[in-house]
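Numbering (the numbering used here), first residue to last: 106 to 149.
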Amino acid sequence: MKMMTLTEQELLEGLDAHTAHADELADLVEVEVDLEVEEEGSHE
Numbered sequence: 106m107k108m109m110t111l112t113e114q115e116l117l118e119g120l121d122a123h124t125a126h127a128d129e130l131a132d133l134v135e136v137e138v139d140l141e142v143e144e145e146g147s148h149e
């Protein structure tokens, strides 16, 4: 299998102010991060 080498121009193709951002965080699901969620009002 031949490796495809992309140029910088090809990598940047199609990127703009809306598609280039990596600062948007996904909503985490409790099961994915294995955290225990403390119920409201149950402080020890």
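C-beta: ideal position from N, C-alpha, C; glycine also.
Residue i versus residue j - alpha carbon distance
| i | j | result |
| --- | --- | --- |
| Leu111 | Val136 | 38 Å |
| Leu116 | Leu133 | 29 Å |
| Met109 | His126 | 25 Å |
| Val138 | His123 | 28 Å |
| Leu120 | Lys107 | 26 Å |
Endpoints, alpha helix (DSSP H) assigned at residue i
| i | result |
| --- | --- |
| Leu133 | Element bounds for Leu133: n/a, residue is neither H nor E. |
| Leu117 | Glu113 to Leu117 |
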